[in-house]
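Heads up, the sequence shown is in the numbering used here, so the first residue is 3 and it goes up one at a time.
Where is the CB? At the ideal position from N, CA and C, for every residue including glycine.
Below is one structure, written out as structure tokens, with a few remarks after it.
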Amino acid sequence: MLESGLEQVKQYALAKINLYLHILGRRPDGYHELETLMARISIHDTLEIDLIPSGIEFTCSDPALSDAQDNLATKAARLFLDEFQLDTGVRIHLDKKIPVGAGLGGGSSDAAAVLSALNSQTRTHCSREKLAELAARLGSDVPFFLHSPTAVCRGRGEIIEPVRLQEDFQGVLVHPGFGVSTPWAYKTYAQNPSQGEPGRAFADFTLRNDLEPPAFSKYPWLPMVKAWFQKQPEVLDALMSGSGSSIFALTRTADERGRLVVRFRAEFGETLFAEMFSVAQRA
Ligand code: C5P
């Protein structure tokens, strides 16, 4: 989503939720073989990306994330400039709204946004396949964010089959204020592999997340909130996203999600991250 001319770009980086996440086994490279239905949602970060004469400069609305060294957005910029041996620098400002360590792919989405912005700003005309290959080097979830807003992702997450959902969904997404480490979640799963509990079946998918059992056994707040959502009259069903710690509840209409978020805040307090979203169907 480019908003301005070639030299300076404002780019929205949407979060994702996993409508199902099936772990199919362990791979020789240590990763897990997946089949997961990912959907971009309306909650997003905003990046401002400028070409500058040299160097990579990074600022962030969240001071905790201001270290340019271990940031996926700056890693993406470095990778792109190095790969094509470009004689330019980049300045990135990240307005961070997507919670970190939340199973929402925030860092991955930021990285994909930087890759596509630089591809157009530097007029590199790198093919979609090459961009996806660079994205996969940055993380398993990054290639998804270069594609259509909903896709079935396989392999370690980097093999993308775009799909279009037959139904529209709204919802409420909550983040408890702590994160779940993705490597920890997969490692704990591998010690005791078991499927997540299947939820409601919709036209295109049945909700299920195989990373719920490890996350739920360590963090009891998560199943408690999921069960609370499942009891609310507006809620079709609820699930943890990715490796956690976000829980999302799906509703059919914007009115329903509005009532739900008000009730959630009254019950659990105003300080938690609790935001309404819609599932994005168009890029
Ligand atoms: O690829 P990414 O850096 O996002 O993965 C973070 C960690 O999550 C990996 O180091 C690995 O421990 C685990 N992982 C996995 N199988 C996947 C994706 C991630 O085991 N398909």
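Comparing C-alpha distances from ARG139 to each of ARG80, LEU26, GLY57 shows the shortest one belongs to ARG80. With a beta-carbon spacing of about 19 Å, VAL174 and ALA217 fall beyond the 8 Å limit used to define contacts. Between the alpha carbons of GLN232 and THR61 lies a distance of about 39 Å. Look at the beta carbons and you see the region 32-51 touching the region 149-161: at least three pairs across the two are nearer than 8 Å. For ASN211, the three-state secondary structure derived from DSSP is strand.
By the criterion of at least three beta-carbon pairs nearer than 8 Å, the region 207-224 is not in contact with the region 76-96. A residue is called buried when at least 16 other Cβ atoms come within 10 angstroms of its Cβ; ARG130 does not meet this threshold and is exposed. Burial of ILE162 is indicated by the presence of at least 16 other C-beta atoms within 10 angstroms of its C-beta. In this structure, LEU136 lies away from TYR22, with their beta-carbon atoms at least 8 Å apart. Around the C-beta of ALA251, 16 or more other C-beta atoms lie within 10 Å, and the residue is accordingly described as buried. The alpha-carbon separation between HIS149 and PRO164 amounts to approximately 7 Å. If one requires a minimum length of 4 residues, the alpha helix (DSSP H) runs lying completely within the region 101-168 are 108-123, 130-140, in chain order. Sixteen is the threshold: since fewer than 16 other Cβ atoms of the shown chains lie within 10 Å of the Cβ of GLU169, the residue is exposed.
SER243 sits buried, since 16 or more C-beta atoms from the chains shown fall within 10 Å of its C-beta.
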